[in-house]
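Structure record follows, encoded as structure tokens.
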Amino acid sequence: MLPASAQRIAALLDPGALVLDVGGWAHPFPRADWVLDLMPYETRGMYGERSPEPERFSADTWIERDICDHEPWPFEDDQFDFAICSHTLEDVRDPIWVCSELNRVARAGYIEVPSRLEEQAWGVAGDFVGWSHHHWLCDVEDSRISFVLKPHVIHGISRYYLEAPLGSTLTPEERVQTMFWEGGFEYEERIFFVHDELDQYLAGFVDAHRERLASRVPQPSLGARVRRRLRALGGGT
């Protein structure tokens, strides 16, 4: 989670606010009273050190279950004052179900997902585009999030991704999308039935950002080659 978002959440919450962290296993939010995750309590924070702040949740309030099993989560409607779901929706098989339950059990919350800039950049986590274990491309706008199934073709067509030197210039803020919501939010899966529409969705996004990011890469470099390629394609001056 972005440090600025964590600070904002801490400032928003009253001491008595009841907080749920959905999918917080790798980095559970210490202020959460409850955690809902597929992995057991004993393995929390496995990818790094746990927060130095005291954990409000405990083994008794850590619910180990599949959040996509299409059974209502074991909480009442509007039970929580605030729900956090950070870097989880892009991983799971049914983010629509998770979003529906977030809306049901909480009155407000925070969502953080990878940005399209990071998810459509080569070399972020290996010799491929984006993160290998992510299933979805996410688009966040105001209080709405849409999900597009990440197509395999994204790795094989160069106009669908940003070259590695361009992705390396992304700031922490550019690598994520965030949404604070209150009273509910909208969500959808976006499905493309026509190849041209998917092509525009993927290539159009890259075209909108490639030249701006290429300007950050010092010359002589791939940045210069990208700019030459843009001129050859008629996308630059």
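When we follow this note's numbering, the leftmost residue of the sequence shown carries the number 4, and every step to the right adds one.
From the three backbone atoms N, C-alpha and C, an ideal C-beta is built for every residue, glycine too.
Which residue comes first and which comes last in the beta strand (DSSP E) that contains residue i?
i      : result
Arg147 : Arg147 to Leu152
Gln180 : Val179 to Glu185
Can you give me the C-alpha to C-alpha distance between residue i and residue j, rounded to a whole angstrom?
i      : j      : result
Ser146 : Ser8   : 16 Å
Tyr164 : Phe78  : 41 Å
Ala175 : Met182 : It is worth fixing the name first, because residue 175 is Pro in this sequence and not Ala. Answer to the nearest angstrom: the Cα atoms are 15 Å apart.
Gly27  : Glu67  : 11 Å
Ala35  : Met49  : 18 Å
Asn106 : Ala29  : 23 Å
Val220 : Glu177 : 16 Å
Val108 : Glu192 : 21 Å
Gly159 : Ala62  : 44 Å
Asp40  : Met4   : 17 Å
Pro6   : Gln82  : 26 Å
Ile12  : Met42  : 24 Å
Glu14  : Asp69  : Correcting the residue type first, residue 14 is Ala in the shown sequence and not Glu. Cα-Cα distance, rounded: 31 Å.
Gln10  : Cys102 : 23 Å
Arg47  : Val209 : 36 Å
Tyr44  : His73  : 22 Å
Pro18  : Phe60  : 14 Å
Leu16  : Val197 : 45 Å
Phe131 : Gln222 : 24 Å
Phe32  : Arg96  : 23 Å
Cβ atoms of residue j and residue i: under 9 Å apart, would you say?
i      : j      : result
Asp84  : Leu21  : yes
Cys88  : Tyr113 : yes
Trp125 : Glu166 : yes
Arg119 : Gln180 : yes
Contact check, residue i vs residue j under 8 Å by CB: the rounded distance?
i      : j      : result
Arg133 : Glu115 : Arg is not the amino acid found at residue 133; the sequence shown has Gly there. So it is not a contact: roughly 16 Å between Cβ atoms.
His138 : Asp94  : 7 Å
Ile157 : Gln123 : 7 Å
Pro98  : Phe150 : 5 Å
Leu23  : Ala111 : Actually they are not in contact, since the Cβ atoms of Leu23 and Ala111 sit about 11 Å apart, beyond 8 Å.
Glu104 : Trp76  : 5 Å
Trp100 : Thr64  : With 8 Å as the limit, Trp100 and Thr64 do not qualify as a contact, their Cβ atoms being about 22 Å apart.
Leu169 : Leu216 : 4 Å
Thr91  : Val143 : In fact, because the Cβ distance is near 14 Å, the residues do not count as touching under 8 Å.
Ala211 : Arg162 : Not quite, the Cβ-Cβ distance comes to about 12 Å (not below 8 Å), so this is no contact.
The alpha helix (DSSP H) that contains residue i, what's its start and end?
i      : result
Ile194 : That residue, Ile194, is in no alpha helix (DSSP H); it is neither H nor E in DSSP.
Val25  : Val25 -> not in any alpha helix (DSSP H); beta strand (DSSP E) instead, spanning Val22 to Val25.
Leu39  : That residue, Leu39, is in no alpha helix (DSSP H); its beta strand (DSSP E) goes Trp37 to Asp40.
Pro168 : Ala167 to Gly170
Ser8   : Pro6 to Leu15
At 4 residues or longer, what runs of the alpha helix (DSSP H) sit wholly inside the stretch 59-147? 98-108 and 119-122
Unbroken alpha helix (DSSP H) runs of length 4 or more, entirely within the stretch 196-221: which are they? 198-217
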